[in-house]
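Chain order of the listed sequences is W and B. Quick note: the first sequence uses numbering that gives the first Met the number 0, first residue 0, plus one each step. Quick note: the second sequence uses numbering that gives the first Met the number 0, first residue 0, plus one each step. Using N, Cα and C, we set each Cβ at its ideal position, and we do this for glycine too.
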Amino acid sequence: MSVIDMNTFNALKEAAGADFIGELIDTFLEDTPGQITTMKNALAAQDADSFRRAAHSLKSNAATFGATSLAGLARELEMLGRENVLEIGNRLEVLQDAFEQVRGQLDGLR
Amino acid sequence: MTVSSSPAHLLIVDDNKVNRMVLSRSLEQQGHVVETAENGREGLEKFRTGVFDLMLLDIEMPEMDGFEVLEACLNDVDLRQIPIIMTSAMEELDAVVKCVELGAEDYLTKPVNPILLRARVNASLEKKRLRDEQRRLFRTFATKEVAEQLLRSGFSLGGKQVKASIMFADIRSFTTIAENQEPSESIDLLNQYFSLMFDAITNNGGTVNQVVGDGLMAVFGAPIFFEDHSEKAVRAALQMLEQLKVFNQNQLAQGKMQIRIGIGIATGQMVAGYTGTQTRAIYTCIGDTVNVASRIEEYTKEALHPLLIDNYTRESLPEDIKVEDLGKIIFKGKNQAINVFAVRGS
Numbered sequence: 000m001s002v003i004d005m006n007t008f009n010a011l012k013e014a015a016g017a018d019f020i021g022e023l024i025d026t027f028l029e030d031t032p033g034q035i036t037t038m039k040n041a042l043a044a045q046d047a048d049s050f051r052r053a054a055h056s057l058k059s060n061a062a063t064f065g066a067t068s069l070a071g072l073a074r075e076l077e078m079l080g081r082e083n084v085l086e087i088g089n090r091l092e093v094l095q096d097a098f099e100q101v102r103g104q105l106d107g108l109r
Numbered sequence: 000m001t002v003s004s005s006p007a008h009l010l011i012v013d014d015n016k017v018n019r020m021v022l023s024r025s026l027e028q029q030g031h032v033v034e035t036a037e038n039g040r041e042g043l044e045k046f047r048t049g050v051f052d053l054m055l056l057d058i059e060m061p062e063m064d065g066f067e068v069l070e071a072c073l074n075d076v077d078l079r080q081i082p083i084i085m086t087s088a089m090e091e092l093d094a095v096v097k098c099v100e101l102g103a104e105d106y107l108t109k110p111v112n113p114i115l116l117r118a119r120v121n122a123s124l125e126k127k128r129l130r131d132e133q134r135r136l137f138r139t140f141a142t143k144e145v146a147e148q149l150l151r152s153g154f155s156l157g158g159k160q161v162k163a164s165i166m167f168a169d170i171r172s173f174t175t176i177a178e179n180q181e182p183s184e185s186i187d188l189l190n191q192y193f194s195l196m197f198d199a200i201t202n203n204g205g206t207v208n209q210v211v212g213d214g215l216m217a218v219f220g221a222p223i224f225f226e227d228h229s230e231k232a233v234r235a236a237l238q239m240l241e242q243l244k245v246f247n248q249n250q251l252a253q254g255k256m257q258i259r260i261g262i263g264i265a266t267g268q269m270v271a272g273y274t275g276t277q278t279r280a281i282y283t284c285i286g287d288t289v290n291v292a293s294r295i296e297e298y299t300k301e302a303l304h305p306l307l308i309d310n311y312t313r314e315s316l317p318e319d320i321k322v323e324d325l326g327k328i329i330f331k332g333k334n335q336a337i338n339v340f341a342v343r344g345s
């Protein structure tokens, strides 16, 4: 099952240029693990603001590539962070899994 | 690649690398020249030091957020005419509304749709081009201050109370001069004379708001208020008299007639604003202070001093400007005597 909305992805590819999409995917795949780490560390430090910021960036990037469900998960975490709620259950693990699936598919779309 | 309008210099301010890449790439594809900044502080610095036609500004950023950058730009005379488009996530719509109310030109939600991006950027650039054109035209026909005030707060008839200094100046016996030379020569003389006087007034923050025949009226401290309007008015007048000396030397060298002028300045409360109709209006000042300035100017003929001021103007002059008390004068149509001073120079 596709975890990437191909309409969004193709529009991005067209706007950025086919020659540029690979570089863009690389940047996204390189930046995201760091954002997930930031969120983990923020949870440990009970730092809701930095948790929210990292979730915000991840959400924004995921949406840019049409990774709709990953964006939805990140958005949910951003909202929780905004409300200062850091009891997030297993949501971060779910998000990590969702990212792995997105990575798998984007690797093939370069 | 299609280029729909002439290339513009754009600044993209976003803390997210992917966003910066997508935005700059899309805009470069459209033929624009793009620079980027990673946070609000860096963005503001670049915006201040570079020359840009438009800024795309993220709201949620470290160091300095989009609000702070927007406010700083709107408070900066040199930056506020450059359009700013806010870029934000869908959920930040409240924040976007606040930005647009503050004075942002437009907004885009992220992920940015490339077609909307193109349309909004081009529309904003076109609006800026029209505004620049309008500003240029305004400046030709109105003073810079009036033009800026019009552009900022729009045009409306009606006035408000202000404290300012009014100057009247005219040429002594210009009618006699005009009768003794060719009409074209008179117009030529007036044009040369006015351009010198306007410069002296403008250089000191004044605004010439009326020219009638060989006379002019200027306002200091309105429409844009400044504290030392009396002093500026007097300094402008002294500069005018200096300019006139040079002008007369030139006239003499060319075997032409020399001219003398009279200048009167009064300070006080007045009503200032636009009078006229919606299609033809001028910025003017009305009130007793204006009448006093006009009477004092006329009195220069009798007093045999080219530059006379009232007591309110004298009160706020610094030490280096020397004045001579000419005593209290009762002007036609006035009940109260006015203490008049002749300015000796600085």
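Taking a contact as a CB-CB distance under 8 Å, the pair W/F50 and W/L23 does not count as one, their CB atoms being some 26 Å apart. DSSP links B/A88 through a beta bridge to B/K109. Under the three-pair Cβ rule at 8 Å, the region 223-239 of chain B counts as touching the region 203-211 of chain B. Within the same chain, and ignoring the five residues on either side of B/T35 in sequence, the residues whose Cβ sits closer than 7 Å to its Cβ are I11, R19 and S23. Taking 4 residues as the shortest admissible run, the region 271-315 of chain B contains the following complete alpha helix (DSSP H) segments, listed from N- to C-terminal end: 287-302 and 310-314. Counting every other CB atom within 10 Å of its CB across the protein chains shown gives B/K300 a total below 16, marking it as exposed. Within 8 Å of the CB of W/A10, the CB atoms of chain B belong to N112 and P113, in sequence order along the chain.
A straight line joining the alpha-carbon of B/T312 with that of B/A302 spans about 18 Å. For B/R343, the enclosing beta strand (DSSP E) begins and ends at I337 to G344. Counting C-beta atoms within 10 angstroms of its own C-beta, B/I329 has fewer than 16 neighbours from the protein chains shown and is therefore classed as exposed.
Within the model, the alpha-carbon separation for B/T288 versus B/Q268 is close to 7 Å. For B/R24, the chain W residues whose C-beta falls within less than 7 Å of its own C-beta are A15, G16 and F19, listed in chain order.
Here B/F51 has H8, L9, L10 and I81 as same chain residues with Cβ atoms under 7 Å from its own Cβ, once five neighbours each way along the sequence are excluded. Contact annotation, B/A292 with B/G263: C-beta distance approximately 5 Å; criterion of less than 8 Å satisfied.
Taking a Cβ-Cβ cut-off of 7 Å, B/A36 has no neighbours in chain W, whose nearest Cβ is about 16 Å from it. If the five residues before and after B/D13 are omitted, its C-beta is found closer than 6 Å to the C-beta atoms of R19 and D57, all from its own chain and listed in chain order. For B/V211, the secondary structure class from DSSP, reduced to helix, strand or coil, is strand.
The criterion of a C-beta distance shorter than 8 Å is not satisfied by W/M38 and W/A62. Within 10 angstroms of the beta-carbon of B/V218 lie 16 or more other beta-carbons, which makes it buried.
Around the Cβ of B/V211, a 10 Å sphere holds fewer than 16 other Cβ atoms; the residue is exposed. In the DSSP assignment, the residues bridged to B/G267 are B/A163. Legend: CB atoms of the region 21-45 of chain W lying less than 7 Å from CB atoms of chain B belong to residues L23, T26, F27 and D30.
Beta-bridge analysis with DSSP links B/K321 to B/G344.
When the five nearest sequence neighbours on each side are left out, the beta carbons in the same chain lying within less than 6 Å of the beta carbon of B/L78 are those of C72, in order along the chain. For W/D18, the enclosing alpha helix (DSSP H) starts and ends at A17 to A44. Under the DSSP assignment, B/A36 falls in the beta strand (DSSP E) whose first and last residues are V32 to A36.
In the structure shown, B/D75 adopts coil according to DSSP, grouped into three states. In the structure shown, B/F66 falls within a helical segment according to DSSP collapsed to helix, strand and coil. Each residue's CA atom was taken as its position, placing B/E296 and B/I165 some 11 Å apart. Restricted to the region 173-240 of chain B, the alpha helix (DSSP H) segments that are unbroken, complete and at least 4 residues in length are 173-178 and 182-202, listed in chain order. Shown here, W/K58 sits in a helix according to DSSP, grouped into three states. The criterion of a C-beta distance shorter than 8 Å is not satisfied by B/V322 and B/R294. Chain B places no beta carbon closer than 8 Å to that of W/T67, leaving this residue out of the contacts. The closest CA to that of W/N60, considering only W/E13, W/A44, W/L105 and W/M0, is found on W/L105. Proximity to B/N112 across W/A10, W/I3 and W/Q95 peaks at W/A10, based on C-alpha coordinates. Here the alpha carbons of B/K255 and B/A177 stand approximately 12 Å from one another.
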